[in-house]
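This note's numbering puts the first residue of the sequence shown at 16, with every later residue one more than the last.
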Amino acid sequence: MIPERSAVSNVLITGITSCESRGVEALARSIIEQLNTEGPGGGDNVTVLTQTPVLDAESLAPTGARCVADPFVVSRSWQQMRPQENPAELAERREQLLAQTDLVIATGGDLHTSDYGVSTPYLRALTAAQQRDIPTVMIGQSVGPFGDPADAEAWLTVAARCDLLTVRESVSLDYVVGKLGLPDHRVRLSSDPAFLLPAATGERISALLGPLRLAPGDPYLCLAPSQGITRFSTLEESQHVAALTRLATSLVRTRKMPVVLVPHCHDSRPHNDDRILAARIAEAAGMPEVMALPGALTASDYKGVLSQAELVVSERLHAAIGALSGGAPAIAIGHSHKFNGVLAETYGPTVDVDGIHADVRAFAQDTTVIDRLVNDTDATALRTTLRQRLPLITDRARSDFAQINKLLEA
Numbered sequence: 016m017i018p019e020r021s022a023v024s025n026v027l028i029t030g031i032t033s034c035e036s037r038g039v040e041a042l043a044r045s046i047i048e049q050l051n052t053e054g055p056g057g058g059d060n061v062t063v064l065t066q067t068p069v070l071d072a073e074s075l076a077p078t079g080a081r082c083v084a085d086p087f088v089v090s091r092s093w094q095q096m097r098p099q100e101n102p103a104e105l106a107e108r109r110e111q112l113l114a115q116t117d118l119v120i121a122t123g124g125d126l127h128t129s130d131y132g133v134s135t136p137y138l139r140a141l142t143a144a145q146q147r148d149i150p151t152v153m154i155g156q157s158v159g160p161f162g163d164p165a166d167a168e169a170w171l172t173v174a175a176r177c178d179l180l181t182v183r184e185s186v187s188l189d190y191v192v193g194k195l196g197l198p199d200h201r202v203r204l205s206s207d208p209a210f211l212l213p214a215a216t217g218e219r220i221s222a223l224l225g226p227l228r229l230a231p232g233d234p235y236l237c238l239a240p241s242q243g244i245t246r247f248s249t250l251e252e253s254q255h256v257a258a259l260t261r262l263a264t265s266l267v268r269t270r271k272m273p274v275v276l277v278p279h280c281h282d283s284r285p286h287n288d289d290r291i292l293a294a295r296i297a298e299a300a301g302m303p304e305v306m307a308l309p310g311a312l313t314a315s316d317y318k319g320v321l322s323q324a325e326l327v328v329s330e331r332l333h334a335a336i337g338a339l340s341g342g343a344p345a346i347a348i349g350h351s352h353k354f355n356g357v358l359a360e361t362y363g364p365t366v367d368v369d370g371i372h373a374d375v376r377a378f379a380q381d382t383t384v385i386d387r388l389v390n391d392t393d394a395t396a397l398r399t400t401l402r403q404r405l406p407l408i409t410d411r412a413r414s415d416f417a418q419i420n421k422l423l424e425a
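Below is the structure:
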């Protein structure tokens, strides 16, 4: 039996894989906390669809949101972390959820590309909502490129019916309008919602850095490595570890500061667990100044540590966003246009994005790339530019929620 719709606005969030990735946690938490809902329970009227509902319920507990196993997308790699359900049970839960939903918000950053093979499955909740005339929103997206025309068409069909659609960088805007043919009035440029994530307090940051023998005010650098990045390139893991180790040790020797390794993804699947890679780098470096940040930290914890760094080098986009949104200069080592797109949007036209972004293949195979990142990055100039640009970037992200609130009021 399908329950009657509540008088309180109920928001369903889709596009969440798992808060094991602190980038995903940053997205989910930022969205939930920004929602200016009418219900007396605040975040209690937000339901998050996820592959790891028990873990995410703990991660998002301060928001009051409800986390449930996603009945629209069932990931085989996380099956052990969600209830086992047959097709009929999944279908019944889909109907129950939609019957109680007033708005569906899709996040996920860059799910809608051919890189990961999950774009079309993660459209299912949006499609089902649109078939029932439930308003739908996609915010802060990076889109494309699509290698399969069917994926592009599926995305375009849903996008054309969204009540609000925003992208987080101009590369995606040009792609969806110029390449896919979406009318330009159907999409606008915004920012990643994680730019709005609150950082940990100064007292908390001091407690996190204490085990590394870093006192308040001590300068340090951060390196956020990605265990999973080699899956999207032709690199061998050994090449990748060796390059990151060279980078870490070169930063210490050249910039005369310790390097804090930030494992931004605590994945239960070893191929994507940054803690494993951070430990390998620290061991291979053989220097006490190269240290892995320990503990089961939250996205806000990591943002606090990153935002106090003199410079951040990141292979995880949301680790870079954690730094940038806290006012710390960040440069990136990436595998797709989302990295240089977000950096270019954040720093603006006065900064040459080629100087602050390196493709991971070139980084691992060409030693001059490490030399450039270590020696030529002007952290002071980047910090100055960033502080001038941040109000614009955060205002863009907030404007998404002003539009969402209008939809809820309607």
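In this text, a Cβ means the ideal position worked out from N, Cα and C, and glycines have one as well.
For the 7 Å CB-CB criterion, GLN254 and ALA379 form a contact. Under the DSSP definition of a beta bridge, ALA209 lacks any partner. Secondary structure of SER329 (DSSP, three-state): strand.
Annotation for SER185: LEU204, GLY356, ALA359, GLU360 place their beta carbon closer than 8 Å to its own, counting only its chain and skipping 5 residues before and after.
Per DSSP, ARG201 is not a residue of any beta strand (DSSP E), being assigned neither H nor E. Boundaries of the alpha helix (DSSP H) around ASP386: 382-391. With contacts defined as CB atoms closer than 7 Å, SER187 and ASP166 fail to qualify as a contacting pair. Here ALA215 has SER315, ASP316, GLY319 as same chain residues with Cβ atoms under 6 Å from its own Cβ, once five neighbours each way along the sequence are excluded. With respect to the C-alpha of SER24, the residue from LEU64, GLN115, ARG37, CYS34 having the closest C-alpha is GLN115. Around the Cβ of ASP207, a 10 Å sphere holds 16 or more other Cβ atoms; the residue is buried. THR245 and GLU252 have their C-alpha atoms some 7 Å from each other.
DSSP places VAL158 outside any beta strand (DSSP E), giving it a letter other than H or E.
Going by DSSP, VAL357 is part of the alpha helix (DSSP H) stretching over 352-362.
Looking at THR313, ARG295, LEU312, ALA311, the one whose alpha-carbon comes closest to that of VAL305 is ARG295. Secondary structure in the segment 233-316: the beta strand (DSSP E) runs of 3 residues or longer, each lying completely within the stretch, are 236-239, 274-276, 305-307 in chain order. For SER340, same chain residues with a beta-carbon under 6 Å away, outside a window of 5 residues either side, are PHE210 in chain order. For ASP410, the enclosing alpha helix (DSSP H) stretches over residues 394-424. Excluding residues up to 5 positions away in sequence, LEU118, PRO150, VAL152, ASP178, LEU179 lie with their Cβ nearer than 8 Å to the Cβ of LEU422 in the same chain. Sequence-distant Cβ neighbours of ARG219 in its own chain, meaning closer than 8 Å and more than five residues away, are ASP316, GLY319. Taking C-beta atoms as the reference points, ALA121 and GLY38 fail to come closer than 7 Å.
Exclusion of the five residues before and after PRO98 leaves ALA84 as the residues of its chain whose Cβ lies within less than 7 Å of its Cβ. Exposed is the label assigned to LYS271, since fewer than 16 other Cβ atoms lie within 10 Å of its Cβ. In the three-state scheme derived from DSSP, where H, G and I count as helix and E and B as strand, ALA215 is classed as coil. Of the candidates ASN390, ASP367, GLU424, HIS333, the residue whose Cα lies closest to the Cα of GLY155 is HIS333. Cβ neighbours of THR260 within its own chain (closer than 7 Å, five residues either side excluded): ILE296, ALA299, ALA300. Counting only residues of its own chain and dropping the five nearest sequence neighbours on each side, GLY337 has a CB closer than 6 Å to the CB of TYR317, LYS318, LEU321. By the neighbour-count criterion, in which a residue is buried when 16 or more other Cβ atoms sit within 10 angstroms of its Cβ, GLN95 is exposed.
The three-state secondary structure of LEU113, taken from DSSP, is helix.
In terms of CA proximity to ARG91, THR65 leads the group THR65, ALA103, ALA106, ARG108.
Straight-line measurement puts the Cα of SER157 at about 6 Å from the Cα of ARG183.
Looking at LEU195, SER248, PRO278, ARG411, the one whose alpha-carbon comes closest to that of ALA377 is SER248. Listed as beta-bridge partners of THR65 by DSSP are ALA84. Contact between the segment 384-400 and the segment 342-357 is present, with at least three C-beta pairs closer than 8 Å. Residue burial is scored here from C-beta neighbours: VAL366 has at least 16 other C-beta atoms within 10 angstroms and is therefore classed as buried. Around the beta-carbon of THR181, 16 or more other beta-carbon atoms lie within 10 Å, marking it buried.
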